[in-house]
Amino acid sequence: MNRGISVVDTTALLVERPLTPDEFFKSASLGWMIELLQAFFLVADDIMDASHTRRGAPCWYRMPNVGMVAINDSFMLESSIYILLKKYFRDHKSYIDMVELFQEVTFQTELGQTCDLLTAPEDKVDLDNFSMEKFTFIVIFKTAYYSFYLPVALALHYTGLATPKNLKTAQDILIPMGEYFQAQDDYLDAYADPKTLGKIGTDIQDNKCSWLVNQALKRCTPQQRKLLDENYGRKDAQCEAKVKQVYAELKLDQVYLQFEEEQVGKLKDLIDQVDESQGLKKAVFEEFLRKIYKRSK
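Numbering-wise, our numbering comes out as the position in the sequence shown, counting from 1, plus 235.
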C-alpha cells in the first residue's frame, strides 16, 4: 500500500500540521484510487504474462469461476477510480486536473507495458532486443510515473500547490527515483534472500529486460554472452544458475552497489535544490528516498 499511503504522508508534509479528519479521508481516498489503478494494471498484467501467483496467492484470473471474466474486472477497477473522483472531488477546483492526471499516467503506464511486452516476450528469447535505453523507457513509463510521480502530483493538486514549477520539480526528482527503485528491484530479484524478499525471484526465467542482464550484456566476454543466450529466459533452474554464475563472474553485485551510491548522491543533490517558496517541501522527497534506500524487500 506504499503508493496509497504516500498521498496521505505527502499531504501532511505539505501542510506541515496534523491532517483534519476530512483531509485525512480525502487524501486517503486519492491514495486508494492509486491502489485501484495498481490493481487494474496487475490483474491485466497477470493475464498477459500467464502468471500463476501474485503476492503468494493465485492470480485473480486463476481463481475458481473467474477465468477471462478477470479482463472485465480489470476494466471495472479502472472505472471505479473515476466514480470515486466524481463522488468526493467534483467540487474541488482541481477536479479536472486530477481526472486528466489519472488518464495521462494510465496511458504512460500502458506505453511502458507495450514496450515491455514487445521487448521481452516470454516465448521468444532474443537478447539483441535488450538495451539500457529500452530498460530506461520501460521503467520510466511502466513504473515511475504511477508509483512515484502520481502520489505527489495528486497531493499537490489536493492542497492547491500544483503550480507548473512544483509539478516539474516533482517530476524531475521522482522519475529518476523510480528508475533507481526498479534497478534496485531487479538487483533484489537475483541477490536477496527469498525469505527476506517474500518471494522467489523470477526475472531470469521470465526473460525480463532487467537492469542486471543489461549490465551483463555490456560487460560480458563472447563466451559469457554465449552462456547468456543459451540459458536466459528458460524455465529451468539449472539455466538460471548458469546466468547467475555469469553475474557473479562479472561482479554485478558490486556494480549495482556503486550505481546505487551514485544515484542516491544525484537524488540528494536534486532534493537540496528544491525551492520551498511555492509550498513544495524537501521532506516529501527525503521521505520517499528514506523508504527505498538500502531496502531488502
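Even for Gly, the Cβ is constructed at its ideal location relative to N, Cα and C.
As the structure is a computational prediction, the values presented were derived from the model and not from experiment.
Look at the alpha carbon of residue i and the alpha carbon of residue j, and state the distance between them as a whole number of angstroms.
i	j	result
R525	M236	16 Å
Y381	A390	13 Å
L485	D326	57 Å
Q473	E465	11 Å
E511	D281	41 Å
D407	T341	19 Å
F365	T246	39 Å
D504	A379	19 Å
Y482	Q419	15 Å
P399	E368	28 Å
Buried or exposed, going by whether 16 or more other CB atoms sit within 10 Å of the CB of residue i?
i	result
G239	buried
E414	buried
F310	exposed
N307	exposed
G468	buried
L463	buried
N442	buried
A451	buried
Just list the residues that DSSP pairs residue i with in beta bridges.
i	result
R289	A292
Can you tell me which of the options puts its alpha carbon nearest to the alpha carbon of residue i?
i	options	result
G514	P293, A405, L462 and Q348	A405
T349	S262, K434, A274 and C444	C444
D361	P293, D308, N449 and E339	N449
V387	N401, K377, H287 and V301	N401
L396	T344, L352 and D332	D332
A476	W446, D438 and M298	D438
Y317	D284, R290 and L272	L272
S314	L346, K470 and F337	F337
E251	K517, Y528, R530 and D471	K517
F275	C294, L492 and S262	C294
L320	S262, L254 and N442	S262
Taking only heavy atoms of the ligand MG into account, decide whether any of them is closer than 8 Å to the Cβ of residue i.
i	result
V278	You won't find the ligand MG in this model; it holds no ligand whatsoever.
Tell me, please, whether the CB atom of residue i is closer than 9 Å to any CB atom in chain B?
i	result
Q508	Given the protein chain composition of this structure (a single chain), no chain B is represented.
(message) Quick check on the DSSP output: what are the complete beta strand (DSSP E) runs of length 3 or more inside the segment 411-476, in order along the chain?
(response) If only uninterrupted beta strand (DSSP E) runs of at least 3 residues are considered, none is enclosed by the segment 411-476.
*Considering only residues of the segment 337-390, which uninterrupted alpha helix (DSSP H) runs meet the minimum length of 4 residues and lie entirely inside it, listed in chain order?*
367-374
Where in the segment 476-528 do unbroken runs of the alpha helix (DSSP H), each at least 4 residues long, occur, reported from the N-terminal end onward? Whole alpha helix (DSSP H) segments, 4+ residues: 487-507 and 517-527.
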